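A.B. asks: The opening residue of the sequence shown carries number 1353 in the working numbering; numbering runs sequentially from there. Note that beta-carbon positions come from the ideal geometry of N, C-alpha and C, so glycine has one too. Quantities reported herein were computed from a predicted structural model and do not represent experimental measurements. The structure is given below, and queries will be raised subsequently.
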Amino acid sequence: MRFTFVYAGWEGSAHDARVFEEARSNATLGFPHPPPGKYYAVDSGYASQLGYLTPFRGERYHLPDFSGERRGARTPKELFNHRHSSLQNVIERTFGVLKNRFQILQKMKGYRIEDQASIVVACCGLHNYIKEQAIKDDLFDEYGCEQNVIDQLNPPNHQDFIAPTTSTSQRGARQMSMLRINIANQMAISKGMPMIPIDGP
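As C-alpha cells, this is what we get:
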C-alpha cells in the first residue's frame, strides 16, 4: 500500500490511460518500468502491452460482481479476473487511506496548479513514510483488509483506451495475452476447471 511513482498536475478530465502513457513514455520522468519477466496488473482501461497485464474483457471483474448469489468464479477467465481485481483493489484501498488522512486532497483550495501538484506529491511521500516506518496507524488497519472496504468501492468507469499500434506493441500485446491465458490455465488446473485453449482470444 505504498506509492512507487506519482505524476501530479494534470487536469481532472484527462483520461487515466493518457496520463499513464505520458508517464510511461516520457524518459525524463523516470517511470519505474517493470523489469524483464515481471509485469504490473492494470485494469481494462489501459492498452495491453508488454509488461502490463490486463484482465479478460467481457467477463465479470469487479469484486462486488462475485458477491451475493453469483459468488465464485465459474470459468478460468472469471477466476483470473477475480484474482486480478483483488490485486487492483489494493490500489483503491491505498487511495482510501491517502484521501482520508489528508483531507486537503478532497477539498483543495484555490492554490496555483503547481502548488496543488506539490501538495499531492508531499501527501504521498508522508503516506509512504508512515507505512515504511511501520507506525501503528488506524487508517492502514482499516483499509488494509480487503473485506472491510469492498462495499465502499465504486469501480472506475473507464472508456476503453486504444493506444497507437505498432508491430512492436502488437507483439507485446500478444505476449501478454498468452501470459494471461497461461496464468488462467494454471489457476484452472488448481480448481479442476477446463482450461482455455492456447489459441483462444
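Are there 16 or more other CB atoms within 10 angstroms of the CB of T1406, so buried, or fewer, so exposed?
C.D. replies: Indexing the sequence shown from 1 puts residue 1406 at position 54. Buried, since its Cβ has 16 or more Cβ neighbours within 10 Å.
A.B. asks: Please work out which residues of its chain come closer than 8 angstroms, Cβ to Cβ, to C1476, disregarding the five sequence neighbours upstream and downstream, and give them in chain order.
C.D. replies: Mapped onto the sequence shown, residue 1476 falls at position 124. These residues qualify, in order along the chain: F1355, V1358 and L1450.
A.B. asks: With a threshold of 8 angstroms, are at least 3 pairs of Cβ atoms found where one atom belongs to the region 1434–1444 and the other to the region 1456–1474?
C.D. replies: In short, these stretches do not touch, since the Cβ pair count stays below three.
A.B. asks: Hey, is the region 1425–1432 in contact with the region 1520–1539, meaning 3+ C-beta pairs nearer than 8 angstroms?
C.D. replies: Verdict: yes, contact present.
A.B. asks: L1381 lies in the alpha helix (DSSP H); which residues open and close that run?
C.D. replies: As a working mapping, residue 1381 is identified with position 29 in the sequence shown. Note, L1381: premise wrong, no alpha helix (DSSP H); not H, not E.
A.B. asks: Quickly, what does DSSP pair L1405 with across the bridge? List them, please.
C.D. replies: For this step, residue 1405 is matched to residue 53 along the sequence shown. According to DSSP, L1405 bridges with A1393.
A.B. asks: Does the beta-carbon of Q1440 have 16 or more other beta-carbons within 10 angstroms, so that it is buried, or is it exposed?
C.D. replies: For the purposes of this step, residue 1440 is identified with residue 88 of the sequence shown, where counting begins at 1. Buried, because 16 or more other Cβ atoms sit within 10 Å of the Cβ of Q1440.
A.B. asks: Given this structure, state the Cα-to-Cα distance separating K1543 from P1428, to the nearest angstrom.
C.D. replies: In the sequence shown, residue 1543 corresponds to position 191, counting from 1. In the sequence shown, residue 1428 corresponds to position 76, counting from 1. Going by the C-alpha atoms only, they are around 9 angstroms apart.
A.B. asks: For my contact list, A1369 and G1403 are in at a C-beta cut-off of 8 angstroms; report their separation, rounded to the angstrom.
C.D. replies: Within the sequence shown, residue 1369 is the residue found at index 17, counting from 1. Within the sequence shown, residue 1403 is the residue found at index 51, counting from 1. Going by Cβ atoms, the distance from A1369 to G1403 rounds to 15 angstroms, so no, they are not a contact pair.
A.B. asks: Hey, L1491 and R1453: beta-carbon distance below 8 angstroms or not?
C.D. replies: For the purposes of this step, residue 1491 is identified with residue 139 of the sequence shown, where counting begins at 1. For the purposes of this step, residue 1453 is identified with residue 101 of the sequence shown, where counting begins at 1. Cβ distance < 8 angstroms, so L1491 and R1453 count as in contact.
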